[in-house]
Amino acid sequence: MKDKVIVVTGGASGIGAAICEKFGREGSSVAVLDFDPKALARQEERLRSMGVDVLGVQCDVTS
Numbered sequence: 617m618k619d620k621v622i623v624v625t626g627g628a629s630g631i632g633a634a635i636c637e638k639f640g641r642e643g644s645s646v647a648v649l650d651f652d653p654k655a656l657a658r659q660e661e662r663l664r665s666m667g668v669d670v671l672g673v674q675c676d677v678t679s
């Protein structure tokens, strides 16, 4: 998935966070969407420290 852009909803914790980290290690840019702003900020920092190109967006995708 090198040089791809991955969008992960619920990406600040749990399985979503692990997915973001895996794709980031594989060379993808990652857009992390999550409802929790504190968890989102932590995940952005974690990914940046790994050298991942990341964009965090606070949002609620429930219907």
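The end of the sequence shown is residue 679 by this note's numbering, with every number in the run present.
Heads up, the beta-carbon is just placed ideally off N, CA and C, and yes, glycines get one too.
Same chain, Cβ closer than 6 Å to residue i, neighbours up to 5 away in sequence not counted
i, result
"Ser644", "Met617, Lys620, Ile622"
Range covered by the beta strand (DSSP E) that runs through residue i
i, result
"Ala647", "645-650"
"Thr625", "621-625"
"Val670", "670-674"
C-beta atoms of residue i and residue j nearer than 8 Å
i, j, result
"Gly627", "Gln674", "no"
"Met666", "Gly640", "yes"
"Leu649", "Val668", "no"
Where the alpha helix (DSSP H) through residue i begins and ends
i, result
"Gly640", "630-641"
"Lys685", "Only positions 617 to 679 of the chain appear in the structure, and residue 685 is not among them; the question remains open."
Cβ shell of residue i (< 7 Å), same chain only, five flanking positions each side left out
i, result
"Gly664", "Going by the sequence as given, residue 664 is Arg instead of Gly. These residues qualify, in order along the chain: Val670."
"Leu656", "Ala628, Val648, Asp650, Gly672, Gln674"
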